[in-house]
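As structure tokens, the structure follows; a few thoughts come after it.
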Amino acid sequence: MSLREDQRVIEFVRAARELRVMLESEPAEIAAWPRSLLVTLASLYALALKLPEIEVGEEEELRVPEEFDVTREQRIMIWNRVGRFFGEYDRYHDVFDPTDAHDHEVVGGAPSDDLMSMHGDIVPGL
């Protein structure tokens with residue numbers, strides 16, 4: 028059986044497409060969007076954990092052809108759209124390495140930036 032026929036892969040691709048639509052489209056109801064996003068992300072992560080293992084040789088690189096990459100303009104569009112949805116809550120602070128007792132450096136991030144990166148990671152594979 029090929030990977031394309033594997034039910035685990037099919038379910039992951041379905042969830043990845045759902046996330047893509049959520050990030051590329053205006054939501055019908057903005058108030059419901061954050062909860063729907065959380066459900067979709069949780070599903071995508073759970074399905075990713077079930078994906079089959081694949082063997083890649085040392086010389087091989089898993090790279091999608093450049094023509095499938097997300098453009099800079101597309102990334103900015105996603106970043107702006109998602110940032111608008113989060114509004115003033117589009118920032119977070121975190122301790123980079125909570126397991127290091129001596130590293131208390133706080134780093135900042137933005138959900139819009141994280142989701143833009145996820146979009147750029149999943150879309151070329153779809």
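Every letter in the sequence shown is one number past the one before it in the working numbering, and letter 21, counting from 1, is 48. Where a beta carbon is used, it is the ideal one built from N, C-alpha and C, also for glycine. Since the structure is predicted, the reported quantities are computational estimates derived from the model, not experimental observations.
For residue 142 against residue 40, the beta-carbon gap comes to about 18 Å, at or over 8 Å, which does not count as contact. DSSP places residue 146 within a helical segment (H, G or I) once states are collapsed to three. Where residue 72 is concerned, the enclosing alpha helix (DSSP H) starts and stops at 60-76. Cβ neighbours of residue 97 within its own chain (closer than 7 Å, five residues either side excluded): 146, 147, 150, 151. Per DSSP, the unbroken alpha helix (DSSP H) holding residue 110 starts and ends at 99-113. Where residue 134 is concerned, the enclosing beta strand (DSSP E) starts and stops at 133-136.
Counting only the Cα atoms, residue 140 lies some 26 Å from residue 36. Distances from the CA of residue 79 to each of 133, 30, 137 were compared; the closest alpha carbon is that of 30. Cα atoms of residue 114 and residue 82: separation of roughly 42 Å, rounded to the nearest angstrom.
Below 8 Å, enough C-beta pairs join the stretch 103-110 and the stretch 123-141 to call them touching: three or more. A distance below 9 Å separates the beta carbons of residue 38 and residue 77. Annotated three-state conformation of residue 127 is coil, per DSSP.
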